[in-house]
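Peer 1: Have a look at this one.
Numbering (this note's numbering), first residue to last: 9 to 279.
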């Protein structure tokens with residue numbers, strides 16, 4: 009019997025989906041939540057014999073992950089949310105199976121290793137997120153977006169859980185095969201979302217602010233400051249040894265710094 013449902017919220021992920029499903033299925037049952045893809049994404053999932061459901065966003069809360077948590081009839085105790093460009097290894101699967109056995113934790117932080125321009129990065133700024141948790145332990149934070157976003161899935165919201173959280177140490181491969189053009193377009197969308205959220209948070213620091221993690225609060229306090237983007241570059245490329253990856257490490261740190269500078273500019277030009 010499977011103990012984990014792996015949820016893949018997707019739209020037009022034909023380049024990544026087949027590999028993601030084939031690896032994730034070693035951990036448990038896979039559910040693809042599609043948003044009307046036009047590139048054959050759903051057809052790929054059906055051929056791989058995994059369940060597919062469609063999500064049509066109405067422009068309001070909940071978005072895709074929370075909608076799935078609220079509406080899907082889970083048959084497992086645990087849910088793992090993966091993006092289609094996130095690929096698990098056999099070592100990760102084994103560690104998760106051991107970790108969720110008789111644990112008191114309600115969730116686990118996951119670590120990721122970045123790939124950029126076809127290369128696995130040894131240095132630079134890694135990331136982690138809370139994406140494996142017990143069904144019913146909580147859901148992603150609620151943000152009333154007032155129609156300032158057209159993105160139908162949670163961007164940088166985090167799950168708010170009732171209970172203790174552990175960590176899975178084996179990293180997940182983060183490797184988008186759709187290329188640099190898509191990477192830049194995605195960052196343009198995300199920077200608009202982050203700028204709008206910053207303006208909302210600074211305007212009314214109420215329950216939404218109080219629900220942020222310490223790391224999130226630190227980010228939003230400094231996001232609009234002139235030094236934030238160059239400081240990120242220095243931290244990623246120098247302090248976290250992005251230089252070990254040569255030109256690719258430089259490009260990765262620079263593109264992320266540009267992303268943060270985009271956010272600052274969008275905040276500054278907001279009417």
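Glycine included, C-beta positions come from ideal geometry on N, C-alpha and C.
For residue 174, which residues of its own chain have a beta-carbon under 8 Å away from its beta-carbon, when the five flanking residues on both sides are left out?
Peer 2: 107, 111, 113, 115, 116, 117.
Peer 1: Using only CA atoms, which one of 157, 177, 164 lies nearest to residue 102?
Peer 2: Here the closest residue by C-alpha is 177.
Peer 1: Quick one: what does DSSP say residue 185 is sitting in, helix, strand or coil?
Peer 2: Coil at residue 185, not helix or strand.
Peer 1: Taking only three categories from DSSP, how would you classify residue 240?
Peer 2: DSSP places residue 240 in helix when its eight states are reduced to three.
Peer 1: Helix, strand or coil, according to DSSP, for residue 127 in the structure here?
Peer 2: Looking at residue 127 - three-state DSSP - the assignment turns out to be strand.
Peer 1: At the level of alpha carbons, what is the spacing between residue 91 and residue 229?
Peer 2: Using only the alpha carbons, I get a separation of about 28 Å.
Peer 1: Can you tell me where the alpha helix (DSSP H) holding residue 222 begins and where it ends?
Peer 2: Run containing residue 222: 222–230, per the alpha helix (DSSP H) assignment.
Peer 1: Just to confirm my understanding: we take residue 169, look at its own chain, exclude 5 residues before and 5 after, and list those with CB closer than 6 Å. What are they?
Peer 2: Excluding sequence neighbours, residue 169 sits near 114, 115, 141, 145, 146.
Peer 1: On the CB-based measure, 16 or more other CB atoms within 10 Å of its CB, does residue 138 come out buried or exposed?
Peer 2: Its Cβ being crowded by 16 or more others within 10 Å, residue 138 is buried.
Peer 1: For residue 182, which of 129, 71, 248 has the nearest alpha-carbon?
Peer 2: Closest by alpha carbon: 129.
Peer 1: Out of curiosity, what's the CA-to-CA distance linking residue 143 and residue 35?
Peer 2: Residue 143 and residue 35: Cα-Cα distance of roughly 16 Å.
Peer 1: With H, G and I counted as helix, E and B as strand and the rest as coil, what does DSSP make of residue 102?
Peer 2: Three-state DSSP puts residue 102 in a helix.
Peer 1: How is residue 86 classed by DSSP in three states: helix, strand or coil?
Peer 2: The answer is strand: DSSP assigns residue 86 an E or B state.
Peer 1: Near residue 196, which residues of its chain fall below 8 Å by C-beta distance, leaving aside the five closest residues on each side in sequence?
Peer 2: Hits under 8 Å: 270.
Peer 1: So the beta strand (DSSP E) residue 139 belongs to, where does it begin and stop?
Peer 2: Unbroken beta strand (DSSP E) run through residue 139: 135–142.
Peer 1: Is it right to say residue 15 is buried, meaning 16 or more other beta carbons lie within 10 angstroms of its own, or is it exposed?
Peer 2: It is buried - the Cβ of residue 15 has at least 16 other Cβ atoms within 10 Å.
Peer 1: Under a Cβ-count criterion, where at least 16 other Cβ atoms within 10 Å of its own Cβ denotes burial, should residue 77 be classed as buried or exposed?
Peer 2: Buried, because 16 or more other Cβ atoms sit within 10 Å of the Cβ of residue 77.
Peer 1: Do residue 244 and residue 133 have their C-beta atoms within less than 8 Å of each other?
Peer 2: It is a contact, given that the beta carbons lie within the stated cut-off.
Peer 1: Classify residue 51: buried if its beta carbon has 16 or more other beta carbons within 10 angstroms, exposed otherwise.
Peer 2: Exposed, because fewer than 16 other Cβ atoms sit within 10 Å of the Cβ of residue 51.
Peer 1: Between the C-alpha atoms of residue 251 and residue 268, what's the straight-line distance to the nearest angstrom?
Peer 2: For residue 251 and residue 268, the distance between alpha carbons rounds to 20 Å.
Peer 1: Tell me whether residue 232 counts as near the ligand FMN, meaning its Cβ is closer than 7 Å to at least one heavy atom of that ligand.
Peer 2: With respect to the ligand FMN, the structure offers nothing, as it holds no ligand at all.
Peer 1: The alpha helix (DSSP H) spanning residue 30 covers which residue range?
Peer 2: 22–32 is the span of the alpha helix (DSSP H), which, as asked, contains residue 30.
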